[in-house]
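Numbering (the UniProt record's numbering), first residue to last: 1 to 69.
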């Protein structure tokens, strides 16, 4: 099955890699701490929606069991 929608046609693996490499390395520790303080439920799975390259998931991995992003 192929899509005729060309909205994402220019988005290539090379462009994704270039974006991720210039995006920055990490979020401020204060942001991660705030997320963890706010969320008082289970830390089994963290789902980062609208993640871009998903860097927040990697920053939170020391405090969660599994991250998806």
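We treat Cβ as the ideally placed atom computed from N, Cα and C, and that holds for glycine.
As the structure is a prediction and not an experimental result, all values here were calculated from the model.
Task: For residue 17, three-class secondary structure by DSSP - done: helix
Measure the C-alpha to C-alpha separation of residue 36 and residue 63 and round it to an integer number of angstroms. 8 angstroms
Pick from 39, 68, 56: whose alpha carbon is nearest that of residue 28?
56
- Query: What do you get for residue 1, buried or exposed, if any count of 16 or more other CB atoms within 10 angstroms of its CB means buried?
  - Reply: Residue placement at residue 1 is flagged as unreliable, the pLDDT there being 48, under the threshold of 50; a coordinate-derived value is accordingly withheld.
The alpha helix (DSSP H) spanning residue 58 covers which residue range?
55-60
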